[in-house]
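Only one structure is covered here, and it is reproduced in the block below.
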Amino acid sequence: MSKSGVLLPVRICLALSLVVGLVILAFDGLLWFDNPRNGHATALIVFSVIQAFLLGFSFLRFQEAKRMILFWSILYLVLLLLNPLTAPSIDMPIEVFTLYLMGFFPVSSTPQFSCPFLCPPFLITYDLLIVLQIILVATLLRNRRKQQAI
Numbered sequence: 115m116s117k118s119g120v121l122l123p124v125r126i127c128l129a130l131s132l133v134v135g136l137v138i139l140a141f142d143g144l145l146w147f148d149n150p151r152n153g154h155a156t157a158l159i160v161f162s163v164i165q166a167f168l169l170g171f172s173f174l175r176f177q178e179a180k181r182m183i184l185f186w187s188i189l190y191l192v193l194l195l196l197n198p199l200t201a202p203s204i205d206m207p208i209e210v211f212t213l214y215l216m217g218f219f220p221v222s223s224t225p226q227f228s229c230p231f232l233c234p235p236f237l238i239t240y241d242l243l244i245v246l247q248i249i250l251v252a253t254l255l256r257n258r259r260k261q262q263a264i
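In terms of my numbering, the sequence shown opens at residue 115 and continues consecutively.
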């Protein structure tokens with residue numbers, strides 16, 4: 115894939131990942147309710163800032179940004195996959211928290227927190243984050259291999 119061939123898909127996936135993270139921040143009241151105990155909302159804010167920086171940087175220096183985006187996407191994917199292991203911090207079994215994150219056991223609003231589109235929002239937001247990171251990693255690794263072959 116040429117620079118122009120990989121440029122658009124990478125930017126689109128990175129932008130979608132940022133938007134999905136912002137949707138979670140905006141509509142997942144349970145995320146904010148549990149934040150004092152596990153820091154997930156704070157972490158997601160930091161992740162969103164990193165993605166916004168990488169997206170902006172990709173418009174300035176795409177060749178340099180590609181490596182940073184690849185490393186970030188790998189790290190973010192690992193963090194997303196390990197996230198269920200934090201379930202004990204909110205007194206929840208790991209299996210139940212995993213199923214919750216994947217949208218199998220959504221939570222509706224309660225007097226303590228608001229979930230206008232259920233929590234996790236729209237049921238698939240967490241799954242989307244994982245899929246988008248996989249697409250980013252696969253696209254950038256494929257592009258890297260093709261450039262090394264040239």
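Even for Gly, the Cβ is constructed at its ideal location relative to N, Cα and C. From a predicted model like this one, the values you see are computed outputs, not experimental measurements.
Find the nearest neighbour of Leu250 within the set Gly119, Leu122, Cys127, Leu145, judged by alpha-carbon distance.
Cys127
Return the CA-CA distance between Leu199 and Ala157, expressed in angstroms with no decimal places.
Whole-angstrom Cα-Cα distance: 15 Å.
Using the rule of at least 16 other Cβ atoms within 10 Å of the residue's Cβ for burial, across every protein chain shown, is Gly119 buried or exposed?
Counting Cβ neighbours within 10 Å, Gly119 comes out exposed, since fewer than 16 surround it.
Should Ser222 go down as buried or exposed, given a rule of 16 or more other Cβ atoms within 10 Å for buried?
exposed
Which same chain residues, not among the five before or five after Ile188, have their C-beta less than 7 Å away from its C-beta?
Val251
Does DSSP put Cys229 in a helix, a strand or coil?
coil
Using the DSSP secondary-structure output, state which residues sit across from Val221 in a beta bridge.
Cys233
Taking the alpha carbon of Leu145 as the point to measure from, which residue in Pro220, Met182, Gln177, Phe171 has its own alpha carbon closest?
Pro220
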